[in-house]
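Note that the sequence shown covers residues 935 to 1311 in this note's numbering.
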Amino acid sequence: MTRKHWIDNLRWVTVLLVLLYHVIYFYNNKGVFGGIGGFGDGPQYQDVLMYILYPWFMPLLFLLAGVSARYSLDSHTGKEWFRSRTRKLLVPATIGLLVFHWMTGYFNTHVAGNDVLAQVQYPAKFFVQAVSGIGPLWFIQDLWLFSLVLLLLRWLTRKCECQSLKRRLRSVEASRMLPMVIVLLGVLFWIGERTLVFNPRPESFDGLYNLYKPFFYIIPFLLGYYVFSRDRVQESLAEGWITLLVIAVLSGVALVLLTFGQDNTTPRYLASPLNCIYGWLMCLAMMGWFKARFDRTGRFAGYMTRSSYGLYIVHYLVVASLGYMMKVYTTLPPVAMYAILIVAVFTLSPLLYEILRRIPVVRWCVLGVKGSGKQKR
């Protein structure tokens, strides 16, 4: 099938937004877990970027992953596909922790408090730091698990011969009500957010569960596979992208005006109807916009298509290390810290990725790349 460049472009653009988000997140003063903290108790208006991006950019990445899974499984056996997923997802998220991400964990534990591991001796301290270095890798750990679930669902549907389900999907696809059906699928988005633990217990794994949000993120992943991989659905989004984007922006403005200053990662915030409406409409609008206007490629877009996954894997070491050292060991003004960290994450992350992918064994451990390390589309 013809490659859908708009999916590639939307994926790497979203990854770049993740990099930018993490710079703002690292210095936020809204109480969001994981950052080093802001610059006083007053309003930090740059934090508005978190309210704009967080409701939709990770669900969108899972949705695109589901779409891509459908196309990949059309040309590969389930066994081939899952073996590839394991190498690309599970290896970096496990072995890669011991080879590379322990460095991120070192700074993460210092962000949490200088003496948090003071009483822990090596090698136990090393393993704690390695686990603490998971950071953004929760995304690929979830994705590997969802890939396993998808193969199980495919096996069950074949065993059950669910022809009625296929007929219903085709009838919805051909229906004039398709745009309304697509929008109403946002109800599933809201239901998924309601699966979070609203009152997490500090002594439990509730906080970890709320980070991974498996019962929420699997919804856009499966919707991507079963619904948004269909050409007619994509065409419908492209036809209505302007309307979707206008409504999404208006709902986003309302969300920011009504909630700025709150911790926008709490379960109650995420499950609020306005947050879910905005998040879902932005997912739809971004897909429609890129399908309509960015279904093409070029030299830079081609490079980013091949490299964005690697940038996602390595970028948080730059954020955590440089962000921590500037905040703790310098007296730079906040605007300088933001500027330096933004430039660094968009320059050092590609450099770090290019170095790692050229080192035998390391590229397999950290990036899930086999062979010579040459980039493939």
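The beta carbon of each residue, even a glycine, is placed where N, CA and C say it ideally should be.
For the candidate residues Arg937, Gly1069, Leu1032, Trp946, whose alpha-carbon lies nearest to that of Phe967?
Here residue 967 corresponds to residue number 33 of the sequence shown, with the count starting at 1. The shortest Cα separation from Phe967 among Arg937, Gly1069, Leu1032, Trp946 belongs to Gly1069.
Could you tell me which of Glu1173, Leu1077, Val1190 sits nearest to Ile1153, measuring between CA atoms?
Residue numbering aside, residue 1153 sits at position 219 when the sequence shown is read from its first letter. If we check each option's Cα against that of Ile1153, Leu1077 comes out closest.
Can Pro1038 and Ala1254 be called in contact, C-beta distance under 8 Å?
The residue given as residue 1038 occupies position 104 in the sequence shown. The residue given as residue 1254 occupies position 320 in the sequence shown. Contrary to the premise, residue 1038 reads as Thr rather than Pro in this sequence. Cβ distance < 8 Å, so Thr1038 and Ala1254 count as in contact.
Please report the distance separating the alpha-carbon of Leu1215 from that of Leu1112.
Along the sequence shown, one-based indexing puts residue 1215 at 281. Along the sequence shown, one-based indexing puts residue 1112 at 178. Spanning the alpha carbons of Leu1215 and Leu1112 requires a straight line of approximately 15 Å.
Lys1013: buried (16+ other C-beta within 10 angstroms of its C-beta) or exposed?
Start at 1 with the first residue of the sequence shown, and residue 1013 comes out as number 79. Exposed: under 16 other Cβ atoms inside 10 Å.
Exposed or buried, what is Gln1320 when buried is set at 16 or more other beta-carbons lying within 10 Å of its beta-carbon?
As shown, the chain starts at 935 and ends at 1311. That puts residue 1320 outside it, with no answer to give.
For Ile910 and Met1220, I'd like the C-alpha separation in whole angstroms.
Nothing can be reported for residue 910: it is not among the residues displayed for the chain, which extend from 935 to 1311.
Please give me, in chain order, every unbroken run of the alpha helix (DSSP H) with length at least 4 that falls completely inside the region 996–1066.
Entirely contained in the region 996–1066, the alpha helix (DSSP H) runs reaching 4 residues are, in chain order, 1012–1019, 1036–1046, 1058–1066.
Hey, which unbroken runs of the alpha helix (DSSP H) at 4 residues or more fall wholly within the region 1149–1220?
1165–1173, 1175–1193, 1201–1204
Would the beta-carbon of Val1279 fall within 8 Å of that of His1249?
For the purposes of this step, residue 1279 is taken as the residue at position 345 of the sequence shown. For the purposes of this step, residue 1249 is taken as the residue at position 315 of the sequence shown. Their beta carbons are under 8 Å apart, which means Val1279 touches His1249 by this criterion.
When Leu1282, Ser1206, Asp1140, Gln980 are compared against Asn962, the one with the closest alpha-carbon
In the sequence shown, the residue the question calls residue 962 occupies position 28. Closest by alpha carbon: Gln980.
N-terminal and C-terminal residue of the alpha helix (DSSP H) that Asp942 is part of
On the sequence shown, position 8 is the one that residue 942 refers to. For Asp942, the enclosing alpha helix (DSSP H) begins and ends at 939–960.
Indicate the three-state DSSP secondary structure (helix, strand or coil) for Arg1311 in the structure shown.
The residue given as residue 1311 occupies position 377 in the sequence shown. Here the model assigns Arg1311 a pLDDT of 44, short of 50, so the residue's position is not dependable and the matter cannot be decided.
Beta-carbon proximity list for Thr1129, same chain, < 7 Å, skipping 5 on both sides
Here residue 1129 refers to the residue found at position 195 of the sequence shown. If we look at Thr1129 and ignore the five residues flanking it on each side, its Cβ neighbours are Phe1149, Phe1150.
If you measure between the beta carbons of Ile1116 and Leu1032, is that distance less than 8 Å?
For this step, residue 1116 is matched to residue 182 along the sequence shown. For this step, residue 1032 is matched to residue 98 along the sequence shown. Not a contact, by the Cβ cut-off of 8 Å.
Where does Val1269 sit, in a helix, a strand or coil, going by DSSP?
Walking along the sequence shown from the start, residue 1269 turns up at place 335. In the structure shown, Val1269 sits in a helix (DSSP, three-state: H, G or I).
Restricting to Cα atoms, I'd like to know which of Glu1137, Ile958, Thr1200, Arg1240 is closest to Gly1257.
What you label residue 1257 is simply residue 323 of the sequence shown in a count that begins at 1. Answer by Cα proximity: Ile958.
DSSP three-state assignment for Leu1301, whether helix, strand or coil
For the purposes of this step, residue 1301 is taken as residue 367 along the sequence shown, with counting starting at 1. It is helical.
With H, G and I counted as helix, E and B as strand and the rest as coil, what does DSSP make of Trp990?
Within the sequence shown, numbered from 1, the residue matching residue 990 stands at position 56. Trp990: coil per DSSP, three-state reduction.
With Asp1140 as the anchor, note down where its alpha helix (DSSP H) starts and where it stops.
Numbered from its first residue, the sequence shown carries residue 1140 at position 206. Start and end: 1140–1146.
Could you give the residue range of the alpha helix (DSSP H) that holds Leu1130?
Counted from its first residue, the sequence shown places residue 1130 at position 196. It is not in any alpha helix (DSSP H) - Leu1130 carries neither H nor E in the DSSP assignment.
Integer-rounded CB distance, given that Tyr1212 should sit under 8 Å from Gly1186:
On the sequence shown, residue 1186 is found 252 positions in, with the first residue counted as 1. On the sequence shown, residue 1212 is found 278 positions in, with the first residue counted as 1. Gly1186 to Tyr1212, Cβ: 5 Å. Contact.
Helix or strand or just coil, what does DSSP make of Thr882?
As shown, the chain starts at 935 and ends at 1311. That puts residue 882 outside it, with no answer to give.
Would you kindly check if the distance between the Cβ of Ile1074 and the Cβ of Val1001 is under 8 Å?
Along the sequence shown, one-based indexing puts residue 1001 at 67. Along the sequence shown, one-based indexing puts residue 1074 at 140. The answer is no: Cβ separation not under 8 Å.
Pair within 8 Å by beta-carbon distance, Arg1226 and Trp1175
Stepping through the sequence shown from its first residue, residue 1226 is reached at position 292. Stepping through the sequence shown from its first residue, residue 1175 is reached at position 241. First, the amino acid is wrong: residue 1226 is Ala here, not Arg. Yes, the Cβ-Cβ distance between Ala1226 and Trp1175 is below 8 Å.
Would you give the residue range spanned by the alpha helix (DSSP H) that Pro1113 belongs to?
If you number the sequence shown from 1, residue 1113 lands on position 179. 1112–1118 is the extent of the alpha helix (DSSP H) around Pro1113.
Look at Leu1086 and Tyr1159 and say whether their C-beta atoms are less than 8 Å apart.
Here residue 1086 is taken as the residue at index 152 of the sequence shown, counted from 1. Here residue 1159 is taken as the residue at index 225 of the sequence shown, counted from 1. Not closer than 8 Å, so no.
Which value, in whole angstroms, describes the spacing of the CA atoms of Ser1283 and Arg1092?
Mapped onto the sequence shown, residue 1283 falls at position 349. Mapped onto the sequence shown, residue 1092 falls at position 158. Rounded to whole angstroms, Ser1283 to Arg1092 spans 43 Å at the Cα level.
Helix, strand or coil for Ile1247, going by three-state DSSP, please let me know.
Taking the sequence shown and counting its residues from 1, one reaches residue 1247 at position 313. It is helical.
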